[in-house]
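According to my numbering, the sequence shown is numbered sequentially starting from 16.
Just so it is clear, CB atoms sit at the ideal spot from N, CA and C, and this is done for glycine as well.
All remarks here apply to the structure that follows.
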Amino acid sequence: AYAKGIAAGASIVTLYVNNVAVRTATVAADGSYSIYTGDQASLTTAGNTFQVQSTSAAGTTSTKTTGTVKAKTVVTAPTIKDYYVGDAYAKGIAAGASKVTLYVNNVAVRTAAVAADGSYSIYAGDQPSLATAGNTFQVQSTTASGATSTKTTATVKEKVVAPTINDFYA
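Structural data, given as structure tokens:
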């Protein structure tokens with residue numbers, strides 16, 4: 016885990032946890048920094064705070080900027096209803112998401128909005144590989160804040176039509 020940000024005009028930044036300097040990191044030429052926090056137990060709890068202070072090459076220090084640990088947003092992976100050769104839309108449920116993205120051959124093809132009830136319907140009928148049973152595709156959920164789920168994979172199924180029965184006489 017890393018705390019990242021911008022420290023324009025600084026050459027190093029210092030991480031403080033519980034008002035104790037823990038480590039420093041070099042600031043990149045573009046002003047960005049990334050400082051390791053993964054070994055700080057208190058920074059694994061949402062709501063806890065830490066500070067970062069920048070220092071110029073001449074030794075001038077800034078005031079400390081306080082950061083707050085945020086809870087990771089866990090996004091539930093979407094469900095995908097059975098998708099058959101010839102279907103035009105992939106459908107399912109993406110609870111808590113604002114949009115879903117269709118992936119074919121690991122390439123994002125398009126996005127669609129998720130309804131208030133969590134349902135979605137995303138057009139897939141123009142994807143040649145989805146016209147063949149056994150091929151796969153994925154759908155991924157994204158929340159309004161931009162957090163994404165893992166991708167759910169579905170396999171295209173062959174539609175088998177039930178047989179008809181001609182009149183049968185005893």
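query                                                                                                                                                   : result
Does the distance from the CB of residue 134 to the CB of residue 95 come in under 7 Å?                                                                 : no
Could you give the residue range of the beta strand (DSSP E) that holds residue 65?                                                                     : 64-70
Whole angstroms are fine: how far does the CA of residue 137 sit from the CA of residue 106?                                                            : 6 Å
Since residue 53 and residue 84 are thought to touch, with beta carbons under 8 Å apart, how far apart are those beta carbons, to the nearest angstrom? : In fact, because the Cβ distance is near 12 Å, the residues do not count as touching under 8 Å.
Taking DSSP as the reference, what is the three-state secondary structure of residue 57?                                                                : helix
In whole angstroms, what separates the C-alpha of residue 163 from that of residue 141?                                                                 : 25 Å
Nearest CA to the CA of residue 82: which residue from 32, 166, 101 and 149?                                                                            : 32
Beta-carbon within less than 7 Å of residue 159's beta-carbon, same chain only, minus the 5 sequence neighbours each way: which residues are those?     : 113
Excluding the 5 residues flanking residue 17 on each side, which residues of the same chain have their C-beta closer than 8 Å to its C-beta?            : 49, 50, 51, 52 and 53
Can you tell me which of 45, 154, 86 and 132 puts its alpha carbon nearest to the alpha carbon of residue 115?                                          : 154
Would you kindly check if the distance between the Cβ of residue 25 and the Cβ of residue 64 is under 7 Å?                                              : no
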